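Report on one structure; see the data block that follows.
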Amino acid sequence: MPIHDVEAELPRCVDSILAQTYADLQVILVDDGSPDGSGGLCDAYAAADPRVEVIHQDNAGLSGARNAGLDRVRGFYVTFVDGDDWLDHSFVETLVGLAEQQDTQIAVCRFARITSDPAGGTHSGPPEVRCLTGDQALTEHFGDLHTLWTITPAKLYRTSLWEGMQFPDGRIHEDEFTTFRVLHRASRVTVTSAVLYNYLQRPGSLTGGPATVISRRHSADAAAAQLDYVRGCRPDLVGPAAGRLVRKQLALHRALVAAADPNAEGVLHELRATADLLKRHPSHAAVAVAAQAYARFPAPVATAMKAYAAAQPRARARAIRSRKTRQRRLRVLVSSGWLGGAGGAERALHSVLAALADDDVDVVVRRRLDGPLAVVPDRVRVHDYADWRWWAAGYDIGAKGWLIQRVLNPVRSRLLGRRYDVLLRSLSGPALESAARSRVSLIVPSGERLTPDVAGRYSFVAMQAPDNIHLAAGARTVLLPPPLLPLPTARRPRQALPSAYLLTVFNPYGAVKGLDDLLTVVDAAPLPIVWCHSQRTLDFDLPGSLVGHANLLHVDDPEPGELRHLYENCAAYVSFSRSEGFGWSIADALRYAPAVVARNIGVLTYEESRECPVKIVDGFDEVDWAWIGAQARPDSPRELSWLSPGAFRRRLADLTGAAP
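Sequential numbering from 10 applies to the sequence shown in the working numbering.
In structure tokens:
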């Protein structure tokens with residue numbers, strides 16, 4: 010890890026490395042003549058942790074520091090981290106796991122480009138994994154994923170790939186001279202879409218500041234080196250490589266002209282030579298012609314190119330509208346009490362929006378909360394209930410209600426000028442049915458019993474599980490289980506865990522969640538019980554016997570990755586609940602846990618759930634503990650295709666033609 014003038018950022022970076030869930034590390038800190046206190050911090054870390062080694066050297070630049078570190082590497086794998094960046098705690102464990110499972114020489118993750126100083130990057134949706142050859146990775150290097158493949162960090166390499174390889178001394182953009190060669194050496198590369206590396210671009214850093222003439226010169230030289238390389242081994246990539254070099258030479262020339270640098274004319278000669286090479290590739294002929302024209306008449310062509318660039322957003326918008334006409338998208342209006350938070354209703358909304366990420370979706374909410382469940386896909390538009398289009402749309406009391414329902418809402422529905430395919434309302438959300446036109450309208454009880462007048466306003470009552478029928482007040486019903494998104498990569502909680510344990514996840518909001526049953530079981534259980542709940546749970550009126558019980562371990566507010574670790578490593582998941590609208594914790598257990606013990610409620614009332622190891626009980630006075638011990642952990646997460654985002658969207662699409 011090269012370190013130069015990053016005293017303020019260094020502790021966050023090194024702490025994220027030392028806190029990795031994969032602990033067998035050699036951490037090489039290269040103090041590259043840093044003028045601040047970074048060197049002293051490095052020595053303090055080395056004194057406190059035997060895994061840390063420090064190299065102090067005169068300033069040799071980023072390349073010299075990385076080369077010095079490479080000379081000391083002893084491990085089978087190597088990764089690079091810049092001193093102002095930081096890692097997700099599972100970075101090493103995830104990439105080592107991928108490399109070993111897929112037998113690959115390089116494992117790559119996505120990174121979050123951070124321009125200020127937030128807590129870290131996020132990834133919405135389940136991570137995807139792809140396997141490529143080195144040739145395929147090199148092809149992507151010259152495509153839309155150029156930055157992902159170019160940067161040296163955010164990757165785990167077999168150390169042998171770096172034998173005889175050095176970063177170029179004295180160069181900015183040293184990654185662009187080097188990484189593509191290492192990629193091409195690999196026979197197999199694995200990529201995960203999980204965001205595990207946080208890439209900070211500080212205003213004063215090499216990558217975060219404005220481009221200089223020197224940085225543009227070095228970037229153009231790197232592109233020229235890439236072109237020379239593919240001319241010798243991948244002639245099919247000469248066109249993309251030359252096209253990239255043209256763009257960098259154009260940028261370099263404009264920077265030289267702005268600086269009144271006499272070397273500008275020399276760059277025009279380089280540009281002509283690259284354009285001549287590019288002419289031989291028909292797919293890049295337009296770029297070659299533009300480059301030749303620029304080389305002859307730089308000023309007028311530069312003006313024309315600026316006008317062309319300004320027109321591109323409008324052209325892209327027209328292309329998107331054209332694609333919409335060719336591909337049918339669902340138009341969905343969703344009404345919810347709130348966006349964000351951490352409960353079951355919030356998770357249901359987040360999952361629904363993820364399943365409809367490619368559709369045309371408006372969401373109206375009473376409140377917006379923080380948290381990862383507040384992240385929505387790009388195509389989703391979120392509106393506040395206080396917005397004029399929706400304000401008081403559900404109010405129906407007295408003269409004011411009459412005016413809203415009979416006058417204002419009909420006017421608004423016409424002014425909106427659109428008809429939705431589906432109106433999907435959670436019971437906590439505002440009533441919008443009289444303010445918006447839709448082909449089919451659905452209301453989700455969310456575990457609460459509907460009144461006949463409320464249920465009768467909708468085409469269907471959308472039940473999350475078969476046993477919700479008692480909530481429908483005799484109205485027409487349809488089964489619509491929410492989509493179950495996979496939890497993120499498993500990560501061991503910081504809290505020490507027993508070697509074997511039972512798991513339960515709930516907040517004790519009254520007897521319906523089964524607190525009395527937990528009191529019954531905790532003494533008789535043959536294994537310790539890990540109980541996950543919010544920190545506020547300890548503020549409830551819990552029996553003193555549960556607060557410090559020797560057979561009960563409290564885990565407060567576990568993150569989703571930690572929950573997945575707990576599910577995958579427990580002996581069984583035990584739900585004490587007496588009633589569930591859907592039962593998110595039970596559904597997660599069906600995917601990840603060896604077995605589930607619960608009453609016949611919520612998601613377990615679907616026949617498909619019985620394809621998993623499930624023990625249905627009427628109560629917890631007597632539990633077949635031997636059955637639990639006989640269940641094996643699944644080799645991989647169970648598919649549960651009937652709860653997939655695609656299955657949810659298909660059900661919703663089918664309903665658009667089924668309205669009464």
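Don't be surprised by glycine CBs; every beta carbon is placed ideally from N, CA and C. Bear in mind that the values here come from a model prediction, so they are computed numbers and not experimental data.
- Between the segment 468-477 and the segment 606-618 there are three or more C-beta pairs closer than 8 Å, enough to call the two in contact.
- For D532, the uninterrupted alpha helix (DSSP H) segment begins and ends at L524 to A533.
- Judged by DSSP in its simplified three-state form, V23 adopts helix.
- In the structure shown, R263 adopts helical secondary structure according to DSSP, grouped into three states.
- With contacts defined by Cβ atoms closer than 8 Å, T187 and T161 form a contacting pair.
- Looking at the DSSP output, S435 bridges to V453.
- Taking 8 Å as the cut-off, the beta carbon of V117 is found no closer than this to the beta carbon of M10.
- Judged by DSSP secondary structure, K624 falls within the beta strand (DSSP E) whose first and last residues are V623 to I625.
- Secondary structure at Y31: coil, using DSSP grouped into helix, strand and coil.
- Taking a contact to require three or more Cβ pairs closer than 8 Å, the segment 380-400 and the segment 514-533 do not qualify as touching.
- One alpha carbon belongs to R60, the other to T30, and they sit about 14 Å apart.
- Within the segment 55-127, the runs of alpha helix (DSSP H) that reach at least 4 residues and sit entirely inside it are, in chain order, 70-79 and 100-111.
- Apart from the 5 residues on each side of it in sequence, S650 sits with its Cβ closer than 7 Å to the Cβ of A656 in its chain, given in chain order.
- With 16 or more neighbouring CB atoms inside 10 Å of its own CB, G70 falls in the buried class.
- The residues I181, in chain order, have a CB closer than 6 Å to that of S224 in the same chain once the five nearest residues on each side in sequence are set aside.
- G403 is the residue among G48, R356 and G403 whose C-alpha sits nearest the C-alpha of R375.
- For P475, the secondary structure class from DSSP, reduced to helix, strand or coil, is helix.
- DSSP places N609 outside both helix and strand once states are collapsed to three, so it counts as coil.
- Per DSSP, the continuous beta strand (DSSP E) segment holding N207 begins and ends at V198 to L209.
- Excluding the 5 residues flanking it on each side, E355 has same chain C-beta neighbours closer than 6 Å at L382, in chain order.
- Take V453, set aside five residues on each side of it, and the residues of its chain with a beta-carbon closer than 6 Å to its own are S435 and A471, in chain order.
- The residues V87 and I115, in chain order, have a CB closer than 6 Å to that of Y166 in the same chain once the five nearest residues on each side in sequence are set aside.
- Counting C-beta pairs with one atom in each stretch, the segment 11-29 and the segment 90-108 have three or more that are closer than 8 Å, which means they touch.
- Burial state of K409 is exposed, judged by a 10 Å Cβ sphere holding fewer than 16 other Cβ atoms.
- A check of alpha carbon separations from L417 across L441, V276 and T201 identifies L441 as the nearest.
- Short of 8 Å from the beta carbon of L562, and not among the five residues preceding or following it, lie these beta carbons of its own chain, in chain order: Q504, L506, P507, Y510, P537, I538, V539 and W540.
- Residue environment: H98 is assigned as buried (16 or more neighbouring CB atoms within 10 Å of its CB, all protein chains considered).
- A contact is defined here as three or more CB-CB pairs under 8 Å, and the segment 249-257 meets this definition with respect to the segment 269-285.
- The beta carbons of P552 and P654 sit no closer together than 8 Å.
- Under the criterion of beta carbons closer than 8 Å, V431 and T665 qualify as touching, at roughly 6 Å.
- Put simply, of R485, T460 and P461 the residue whose alpha carbon is nearest the alpha carbon of F469 is R485.
- Look at K288 here: in three-state DSSP terms it is coil, with no helix or strand label.
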